[in-house]
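The next block holds one structure in the form of C-alpha cells; read it before the comments.
Protein chains: 2
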Amino acid sequence: MKVAPRARAKRGEGERTAEAILDAADGLLVGSGSEDAVSIRGVADAVGLTPAAIYRHFPDKETLLFAVCARHFDSITEDVAVPALESADDPIDALRRLADAYVRFGVENPEHYRIMFMRRQDHRPDQYAAERVLETGLFGVVLPVVQQGIDEGRYRPELTDPLMIAWVLWMAVHGITSAAVAMPNFPAPPLDVQLRATVDAVLHGLLAD
Amino acid sequence: MKVAPRARAKRGEGERTAEAILDAADGLLVGSGSEDAVSIRGVADAVGLTPAAIYRHFPDKETLLFAVCARHFDSITEDVAVPALESADDPIDALRRLADAYVRFGVENPEHYRIMFMRRQDHRPDQYAAERVLETGLFGVVLPVVQQGIDEGRYRPELTDPLMIAWVLWMAVHGITSAAVAMPNFPAPPLDVQLRATVDAVLHGLLAD
DNA sequence: GGCGATATGTAAACGACGTTTACACAGGTG
DNA sequence: CACCTGTGTAAACGTCGTTTACATATCGCC
Chain V
355 MKVAPRARAK
365 RGEGERTAEA
375 ILDAADGLLV
385 GSGSEDAVSI
395 RGVADAVGLT
405 PAAIYRHFPD
415 KETLLFAVCA
425 RHFDSITEDV
435 AVPALESADD
445 PIDALRRLAD
455 AYVRFGVENP
465 EHYRIMFMRR
475 QDHRPDQYAA
485 ERVLETGLFG
495 VVLPVVQQGI
505 DEGRYRPELT
515 DPLMIAWVLW
525 MAVHGITSAA
535 VAMPNFPAPP
545 LDVQLRATVD
555 AVLHGLLAD
Chain A
355 MKVAPRARAK
365 RGEGERTAEA
375 ILDAADGLLV
385 GSGSEDAVSI
395 RGVADAVGLT
405 PAAIYRHFPD
415 KETLLFAVCA
425 RHFDSITEDV
435 AVPALESADD
445 PIDALRRLAD
455 AYVRFGVENP
465 EHYRIMFMRR
475 QDHRPDQYAA
485 ERVLETGLFG
495 VVLPVVQQGI
505 DEGRYRPELT
515 DPLMIAWVLW
525 MAVHGITSAA
535 VAMPNFPAPP
545 LDVQLRATVD
555 AVLHGLLAD
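Residue numbers (this note's numbering), protein chains in the order written: chain V, 355 to 563; chain A, 355 to 563.
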C-alpha cells in the first residue's frame, strides 16, 4: 500500500512522523492480524517514507512493534479497567469484571497480546522490561483492589500477600487468554464458560468461606 | 557449524536422513535457546547437506520445527507423566505431581514450549492441529485421573464434566508456564511458590470441602 | 543576514533468510 | 537393458532488517 511521499517534517516535528509511523504499523498489524505482515518496508510505504527513514525514529523493528502495542495497551486502563471498576459492587466483583475485560481485550487484540506477553525475553526492548509490563498488565489497578479485599476480610486469613493473590489471578486469566490467542480453533469450552469456571474455582480457593 | 558432506542415503533410507535433520535442528534449538538461530541453512550445514535437500524431507521450516518439538514433547509422557502418576497416592496428589512436572518441563524446554503452545494458529502445520496438541498437552493422561477423582467423590458435586476440570487446571499451569517462558526476569514470586499457591487455590475451589 | 550545527530524509547496498527451479545421479524394478 | 523414482546439488529469486554514505532543509547564533 504505497502512498504519496510524506512532506518532510520541520525541525522538532519528528514526533509527528513517529506517530504516523506508529499509526501505519498499528494499521498493518490490525489489518493483517499478523506480526509478519508488518515489515519496515511496508510501514515505510504506508507512511510515505523510505525504509531507512524509519530508523530516524525507532532504533529497530522490535522497539517499533512494542511501541505500537504499548499504545494499544495503555487504552485498556482507561477504556476498560476504569469502567469495570466503577460498575463493580465490591472488590471481589471488581476482580471478576477485570478478569472479563482482560480476556476480552486479549482475544480482541491477539497479535498485540502476543507481542507483549508471549515473546522471548530477548525480543523485548529494554524500556519494555518487566517493570513496565507490571503496569500495562493491569497489576497497578488490580493490586489496590486486592488489598481492599484483604482489608475487608474477604480472603482466607492465611492469604496476606496481595501480590501473590494478584499473581494467581493473573496467571489464571493469562493462561486462558494466551491459549485462546495461540489456539483459537482448539476444541475447548466456550471462552466465557472457561473464564467463569476458572475464576469461580480460583476465587473459591482464595476467598474465606 | 559446517560438517563433512553426508553420504547419500540409499533408496528407502531417507527416514534416517530425516532423523539426522531432526537431531541437528533440535541441537541448534537447544544450544541456542532461540528459534531464530535455527535456519534451514544452519541445519543443512550441521547435517552435511544442502539447504534444498532439507525440503526432500520436510515441506517447510514450520513443519520441521514442530516435528522437533513433537519429539521432545512425546518424551514428557513417558519420562515425566508416568513416573508422576506411579508415585502418587491418590488422583488429587497425581494432579499436583503432574502440574509440577508440566511446569518444569516447560521452563526446561522453553523454546519447544513456545513453538508448541504460544504461536499463531497460522504457523501451526495441519498435522499438529488441536487434536494432536490435546495428546501432547497431557490431556490424555490428565482426563482419566480427573475422572477417577470424580468417581471417588473428591470434587464438588456440581462439577461433573472432567473436561472442564482438566481445562481449568491446564489453564492455570499453562498461564504460569507461558509467563515463565516469556518473561523469565519478571519480578514474580519464585516458580515453585507461584505454582503451589495457584494449584492450592484452584484445587481448593474444585474439591469438595 | 549569513553560517554552521543538527534534524530529517534518501539511495544503495549488505548479508541472511526461506523457498523454488532445473538439473544430476544412483538404484531398484520391469 | 531401460526407466522410474528417491535423493541430492547448484544457482537463483524475492524478501527481509539494517547500515552507510550522502543530501537538504531549518533553526539558533554571531
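Positions of the beta carbon are idealized from the N, C-alpha and C atoms, including for glycine.
Since the structure is predicted, the reported quantities are computational estimates derived from the model, not experimental observations.
Asked: Cβ-Cβ separation, residue 362/A to residue 401/A (assumed contact under 8 Å), whole Å; Found: 13 Å between Cβ atoms; not a contact.
Asked: Close beta carbons around residue 562/A, own chain, < 8 Å, minus the five adjacent residues each side; Found: 507, 508, 509, 510, 511
Asked: Same chain, Cβ closer than 7 Å to residue 391/V, five either side skipped, listed in chain order; Found: 382
Asked: Inter-stretch contact (C-beta, 8 Å, three-pair minimum) for the segment 546–558 of chain V and the segment 521–529 of chain V; Found: yes
Asked: Cβ of residue 554/A within 8 Å of any chain V Cβ; Found: yes
Asked: Proximity test, Cβ basis, 8 Å: residue 457/A and chain V; Found: no
Asked: Residues that residue 466/A contacts on chain V, provided the C-beta gap is smaller than 7 Å; Found: Those do not exist, as residue 466/A stays about 13 Å from chain V at its closest Cβ, beyond 7 Å.
Asked: Interface partners of residue 426/V on chain A, CB under 7 Å; Found: Correct list: empty, because the minimum Cβ distance to chain A is about 17 Å.
Asked: In chain order, each alpha helix (DSSP H) run of at least 4 residues that lies wholly inside the segment 479–560 of chain V; Found: 484–490, 493–505, 516–536, 545–560
Asked: is_contact[residue 548/V, chain A] using C-beta, thresh 8 Å; Found: yes
Asked: Beta-carbon neighbours of residue 538/V, restricted to chain A and to distances below 8 Å; Found: 475
Asked: Own chain, CB closer than 8 Å to residue 451/A, minus 5 neighbours either side, in chain order; Found: 438, 439, 441, 442
Asked: Cα-Cα separation between residue 503/V and residue 553/V, rounded to whole angstroms; Found: 16 Å
Asked: Helix, strand or coil at residue 404/V according to DSSP, with G and I counted as helix; Found: coil
Asked: Spatial neighbours of residue 591/A in its chain, beta-carbon cut-off 8 Å, leaving aside the 5 residues before and after; Found: Outside the shown range of chain A, which is 355 to 563, sits residue 591/A, and nothing can be said about it.
Asked: Residue closest to residue 427/A, alpha-carbon to alpha-carbon, out of 479/A, 470/A, 453/A, 418/A; Found: 470/A
Asked: Closest Cα partner of residue 384/V within the set 477/V, 494/V, 464/V, 478/V; Found: 464/V
Asked: Amino acids of chain A, ordered along the chain, whose beta-carbon sits closer than 9 Å to that of residue 437/V; Found: In chain order: nothing, as chain A lies at least about 25 Å away.
Asked: Chain A within 8 Å of residue 526/V, Cβ atoms only; Found: yes
Asked: Neighbouring residues, chain A, relative to residue 529/V (Cβ below 8 Å); Found: 524, 525, 526, 527, 528, 529, 530, 532
Asked: Length of the line joining the Cα atoms of residue 420/A and residue 420/V; Found: 27 Å
Asked: Interface flag, residue 493/A vs chain V, CB-CB below 8 Å; Found: no
Asked: Nearest-angstrom Cα separation, counted from residue 539/A out to residue 542/V; Found: 31 Å
Asked: Residue 447/A, enclosing alpha helix (DSSP H) - first and last residue; Found: 445–462
Asked: Cut-off 6 Å between Cβ atoms - residues of its own chain near residue 479/V, not counting five sequence neighbours on either side; Found: 416, 417, 420
Asked: Where residue 386/V sits in the DSSP three-state scheme; Found: helix
Asked: Contacts of residue 543/V in chain A (Cβ-Cβ under 8 Å); Found: 517, 518, 521
Asked: Residue 560/V: contacting residues in chain A (beta-carbon distance under 7 Å); Found: 555
Asked: Sequence-distant residues of the same chain with beta carbon closer than 7 Å to residue 397/A, five excluded per side; Found: 375, 378, 379, 382, 408
Asked: DSSP three-state assignment for residue 409/V, whether helix, strand or coil; Found: coil
Asked: Backbone CA spacing between residue 453/V and residue 395/A [nearest angstrom]; Found: 44 Å
Asked: Any C-beta of chain V under 8 Å from that of residue 471/A; Found: yes
Asked: 7 Å Cβ shell around residue 434/A - same chain, five flanking residues per side excluded; Found: 455, 459
Asked: Where residue 366/V falls: helix, strand or coil (DSSP); Found: coil
Asked: Chain-ordered chain V contacts of residue 388/A [CB-CB under 7 Å]; Found: 474, 476
Asked: For residue 426/V, the first and last residue of its enclosing alpha helix (DSSP H); Found: 415–429
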